[in-house]
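Enquirer: Taking full-length UniProt numbering, the leading residue of the sequence shown gets 1, the next gets one more, and so forth.
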Amino acid sequence: MRVATTTIFQLGTTNMSRHTADQAKLQSQLSTGRRILTPADDPIASARLLDIAQSQSLNEQYNVNSKTADSSLSMTEELLQQVTTVIQNVQTLAVNAGNGSQTAADKRILASELRGHYQQLLELANSTDGGGLYLFSGFAGDTKPFTEASFGNVTYNGDDGQRQVQVSTSRNIPVSESGNDVFMRIKNGNGTFVTAAAATNVGTGVVSPGEVLDPVAWSNAPAPRDFQVQFYWANNPAKPTEPLMTYDLIDNTTGNSLITGNATAGNTTGPRAWTPGSDIQFKQLPTDPVPQPAAWDYGIKMSVKGTPVAVDPTTKLPVGLPGVADSFSVKPSTDVDVFTTLGNMINALESFASDGSGAGQAAFMNKLNTGMLSLANSLQNVLTTQANIGSRMNETESIRSTNSDINLQYAKTSNDLGGIDWAKTISDFAENQMVLDAARKSFSQVQGLSLFKYI
Numbered sequence: 001m002r003v004a005t006t007t008i009f010q011l012g013t014t015n016m017s018r019h020t021a022d023q024a025k026l027q028s029q030l031s032t033g034r035r036i037l038t039p040a041d042d043p044i045a046s047a048r049l050l051d052i053a054q055s056q057s058l059n060e061q062y063n064v065n066s067k068t069a070d071s072s073l074s075m076t077e078e079l080l081q082q083v084t085t086v087i088q089n090v091q092t093l094a095v096n097a098g099n100g101s102q103t104a105a106d107k108r109i110l111a112s113e114l115r116g117h118y119q120q121l122l123e124l125a126n127s128t129d130g131g132g133l134y135l136f137s138g139f140a141g142d143t144k145p146f147t148e149a150s151f152g153n154v155t156y157n158g159d160d161g162q163r164q165v166q167v168s169t170s171r172n173i174p175v176s177e178s179g180n181d182v183f184m185r186i187k188n189g190n191g192t193f194v195t196a197a198a199a200t201n202v203g204t205g206v207v208s209p210g211e212v213l214d215p216v217a218w219s220n221a222p223a224p225r226d227f228q229v230q231f232y233w234a235n236n237p238a239k240p241t242e243p244l245m246t247y248d249l250i251d252n253t254t255g256n257s258l259i260t261g262n263a264t265a266g267n268t269t270g271p272r273a274w275t276p277g278s279d280i281q282f283k284q285l286p287t288d289p290v291p292q293p294a295a296w297d298y299g300i301k302m303s304v305k306g307t308p309v310a311v312d313p314t315t316k317l318p319v320g321l322p323g324v325a326d327s328f329s330v331k332p333s334t335d336v337d338v339f340t341t342l343g344n345m346i347n348a349l350e351s352f353a354s355d356g357s358g359a360g361q362a363a364f365m366n367k368l369n370t371g372m373l374s375l376a377n378s379l380q381n382v383l384t385t386q387a388n389i390g391s392r393m394n395e396t397e398s399i400r401s402t403n404s405d406i407n408l409q410y411a412k413t414s415n416d417l418g419g420i421d422w423a424k425t426i427s428d429f430a431e432n433q434m435v436l437d438a439a440r441k442s443f444s445q446v447q448g449l450s451l452f453k454y455i
């Protein structure tokens, strides 16, 4: 069979080109470690690899997000720790302020220290993160959360939201706090109800914060649950300097006695005898007057220590306006912000004046005790927020660990789909190199063939 010279050359160059291309592909596979260099190599696997690459990229972004969230949460936690320290320092000063041996001048010095803590607390509440966003303004990161209209009168300008960062396909981590929740919405009193002395009190009675014995009974008490413990003074012929003390529990909405059910206007004595420091229970007692109204129990109790009405041993009359009796209010707890609490304590310290009867000290102690109770609630609120932040930080760490495991799985799947079989690819490379060398050598020999060699 006759073969044209051009055909010989075409076949030779075609074979060498094919083997050269194969060798180049094998070399690229060895250098990259990838079996699929173009989608044409394996369309189905290429599509799957593209999905994996996108998922892996998203997962890596989640890791970046979780670190960003950790940074913000860590900064907030550190600031709240500083807030905790400030409140604890204020509590220490408040305890010192309750020392009965302190003069009005001493209390004004303490008030000056408390003003410094007040300003520090306001500055901490207006803290920003590294990016200039306020940490305690909710969603409104660009809005300064707290502004002071006057001393102790602070307004919250943010909202109730929380900025969030997505750290996984199904989890967004809050990275900011609402200033309302941290500094403003703090229950006064014992968290359920608040006791307070009337401004007109002339005795030395100091009221306790009270205790909830039955939360359901308290919640079922008739709204608005605005009550009053009214004390009455009466002469004691046997001991003129120790007046007979009685009290009544009055519903301020109706003006009627909770104990007797009768109107209390004009009363000069109460249905229950009072002993300093004894429990004042808001329920029907066996010793209450007969006939009694329907059985009732509001599930709370309180006490008053001291003498609600001081008696002049000479005149045998109450010190102050004759006939004016001491009273103490009992109302449901309401929200009070920490700035108002601190402002009220400072005002009480600065306005303190001893009147020599003990009534001034009692009035001051009632205000101080109210403030200290609200401070304790504020501190608990901050500690609860810190605990929540710590929980979120633990969650981001756990999610980051999970994301790392997922990344490893993505890498394994990607390698299974697109990675090379090193032994086979090296063998193919060597075999193809041998074939290519043979093709080049044979082509070289064929290229040298000529009839002129045989003439």
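Where is the CB? At the ideal position from N, CA and C, for every residue including glycine.
What you are looking at is a predicted structure, and each value in this text was computed from that prediction instead of being measured.
1) Are the CB atoms of residue 233 and residue 249 within a distance shorter than 9 Å?
2) Can you tell me which residues form a DSSP beta bridge with residue 463?
3) Please look up how many angstroms separate the CB atoms of residue 69 and residue 402, rounded, as I've assumed it's under 8 Å.
4) Put residue 135 into one of helix, strand or coil per three-state DSSP.
5) The beta strand (DSSP E) with residue 248 in it runs from where to where?
6) Can you tell me where the beta strand (DSSP E) holding residue 147 begins and where it ends?
7) Starting from residue 220, trace the alpha helix (DSSP H) in both directions and tell me its first and last residue.
8) Ignore the nearest five residues each way along the sequence and tell me which others in residue 264's own chain have a CB closer than 8 Å to its CB.
9) Measuring alpha carbon to alpha carbon, tell me which residue in 408, 166, 382 and 331 is nearest residue 67.
10) Report all residues from its chain with a CB closer than 7 Å to the CB of residue 100; omit the five preceding and five following residues, and keep chain order.
11) Around the Cβ of residue 209, are there at least 16 other Cβ atoms within 10 angstroms (buried) or fewer (exposed)?
12) Rounded to whole angstroms, what's the CA-CA distance from residue 267 to residue 281? Just pull it up for me.
13) Do three or more CB pairs link the region 108-124 to the region 54-66 at distances below 8 Å?
14) Among residues of its own chain, excluding the 5 on either side of residue 124, which ones have a beta-carbon nearer than 8 Å to its beta-carbon?
15) Identify, in the order they occur along the chain, each residue of the same chain with its Cβ nearer than 7 Å to the Cβ of residue 217, setting aside the five sequence neighbours on each side.
16) Rounding to the nearest angstrom, what Cα-Cα distance links residue 207 and residue 289 in this structure?
17) Among residues of its own chain, excluding the 5 on either side of residue 337, which ones have a beta-carbon nearer than 7 Å to its beta-carbon?
18) Using the rule of at least 16 other Cβ atoms within 10 Å of the residue's Cβ for burial, across every protein chain shown, is residue 367 buried or exposed?
19) Can you list, in chain order, the residues of its chain with a C-beta nearer than 6 Å to that of residue 332? Leave out the 5 residues immediately preceding and following it.
20) Are the region 92-99 and the region 123-138 touching, with three or more C-beta to C-beta distances below 8 Å?
21) Under DSSP, the alpha helix (DSSP H) around residue 338 begins and ends at which residues?
22) What's the gap between the Cα of residue 106 and the Cα of residue 164?
23) What do you reckon, are the CB atoms on residue 457 and residue 169 nearer than 9 Å?
24) Identify whether residue 234 lies in helix, strand or coil by the three-state DSSP scheme.
25) Check this for me: beta carbons of residue 141 and residue 71, under 9 Å apart or not?
26) Report yes if the CB atom of residue 162 is closer than 9 Å to the CB atom of residue 174, and no otherwise.
27) Residue 394: buried (16+ other C-beta within 10 angstroms of its C-beta) or exposed?
28) So what does DSSP say about residue 239, is it helix, strand or coil?
29) Where residue 122 and residue 353 are concerned, what is the direct C-alpha to C-alpha distance, given to the nearest angstrom?
30) Can you confirm whether the region 334-350 touches the region 269-281 when touching is taken to mean that 3 or more C-beta pairs between the two stretches lie within less than 8 Å?
31) Taking just the CA atoms, how far does residue 151 sit from residue 323?
32) Is the CB-CB distance between residue 181 and residue 381 below 9 Å?
33) Taking the alpha-carbon positions, what's the residue 285 to residue 246 distance?
34) Would you kindly work out how many angstroms separate the C-alpha atoms of residue 302 and residue 126, rounded to a whole number?
35) Among residues of its own chain, excluding the 5 on either side of residue 350, which ones have a beta-carbon nearer than 8 Å to its beta-carbon?
36) At which residues does the alpha helix (DSSP H) containing residue 125 begin and terminate?
Expert: According to the structure data:
1) no
2) The requested residue 463 is not part of the displayed model; the chain covers only 1 to 455.
3) Incorrect: roughly 15 Å between the Cβ atoms, too far for contact.
4) coil
5) Its beta strand (DSSP E) spans residues 244-251.
6) 146-150
7) Residues 215-220.
8) 230, 248, 250, 255, 256 and 257
9) 166
10) 361
11) Taking a 10 Å sphere around the C-beta of residue 209, we find 16 or more other C-beta atoms and assign the residue as buried.
12) One C-alpha to the other measures close to 21 Å.
13) Flag = no, the region 108-124 and the region 54-66 do not touch.
14) Setting aside the 5 residues that flank it on each side, residue 124 is surrounded in the same chain by 79, 82, 83 and 86, each with a C-beta closer than 8 Å to its C-beta; the list follows chain order.
15) Around residue 217, the same chain offers 297, 298 and 299 as residues with beta carbons nearer than 7 Å, after the five sequence neighbours per side are excluded.
16) Approximately 25 Å, taken between the alpha carbons.
17) 154, 183, 184 and 186
18) With a threshold of 16 other beta carbon atoms within 10 Å, residue 367 meets it and is buried.
19) 193 and 225
20) no
21) 338-350
22) 48 Å
23) Any property of residue 457 remains undetermined from this structure, which presents the chain solely from 1 to 455.
24) strand
25) Not in contact: residue 141 and residue 71 (Cβ atoms no closer than 9 Å).
26) yes
27) Looking at its Cβ environment, which holds fewer than 16 other Cβ atoms inside 10 Å, residue 394 is exposed.
28) coil
29) 29 Å
30) no
31) Any reading at residue 323 needs caution, since the residue's pLDDT is 40, under 50, leaving its predicted position unreliable; the model's value is listed next. Their Cα atoms are separated by approximately 37 Å.
32) yes
33) 15 Å
34) 38 Å
35) 107, 108 and 111
36) Per DSSP, residue 125 belongs to the alpha helix (DSSP H) from 104-125.
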